Amino acid sequence: MKTTLTALAAVTTSAMFAFAETDTPVIGAPLTAETVLDHAEIIRITDAIDVAVDLKDWDLARSFFADVIDVDFTSLTGGEPARIPADDLIAGWAGNLTGEKQSFHLRGNHQVVFTASDAAVVYSHGYAWNRMESGLSAENGGEDLWEVWGPYEHHLQRLESGWLVTSMTFTATAERGSEYVRNTPGG
């Protein structure tokens, strides 16, 4: 287990810092008096998305996104990255995380890069689990938990209403647990 976790940490860390090889400013650039409040607000927004999803507060979750967003969850779902209405993203989450299905999302190691005075990217490590007691039955696999982790990339734009997410990508580096829990909406 220790070897697996060490390997996972190395993969996740290298994936996070591979982003620094782009043409954007370097991750870890010092905060300035001009950027410290925006930096805090951007981290607050990415964390608040997770809290809203876990509370199943779909209106609150929706409030953090621009009307149309680019999403890439292909490492989990296959397919292609897509540009979709934010309402569709939230409806998809709400349709999966219903009834008995519980979720817990955790994010850390935020690295905010300002690409313009009104645009930023935040890179973070993410962890999520879903739990459904119905997974414990023999016909559902006998396991009630599914979990996944990997790096996130959120692009945000400052609009009249404040900072909003315009794009998000999650790259699953590891997952384990019940396929039933992963793939079955809560009842």
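Start counting the sequence shown at -1; every next residue gets the next number (my numbering).
We treat Cβ as the ideally placed atom computed from N, Cα and C, and that holds for glycine.
Here the structure is a predicted model, which is why all the values come from computation and not from measurement.
Check: M166 burial status per 10 Å Cβ neighbour count (16 or more: buried); Outcome: buried
Check: is_contact[D116, chain C] using C-beta, thresh 8 angstroms; Outcome: Absent from the structure is chain C; it holds one protein chain and no more.
Check: Whole-angstrom distance between I43 and V49, CA atom to CA atom; Outcome: 10 angstroms
Check: Cβ shell of E19 (< 6 angstroms), same chain only, five flanking positions each side left out; Outcome: Interpretation of E19 is limited by its pLDDT of 42, a score under 50 that renders its predicted location unreliable; no figure is taken from the coordinates.
Check: Nearest to N107 (by Cα), restricted to the options W144, E151, L35; Outcome: E151
Check: Cα-Cα separation, A117 to I67; Outcome: 14 angstroms
Check: Own chain residues within Cβ distance below 6 angstroms of D70, not counting five before or after; Outcome: P79, T167
Check: Separation of A84 from N181, as counted between CA atoms; Outcome: 21 angstroms
Check: W161 versus A31, A27, I41, residue with shortest Cα-Cα distance; Outcome: I41
Check: Cβ neighbours of R105 in the same chain (closer than 8 angstroms, five flanking residues each side left out); Outcome: T44, D45, D48, S122, H123, G124, Y125, Y150
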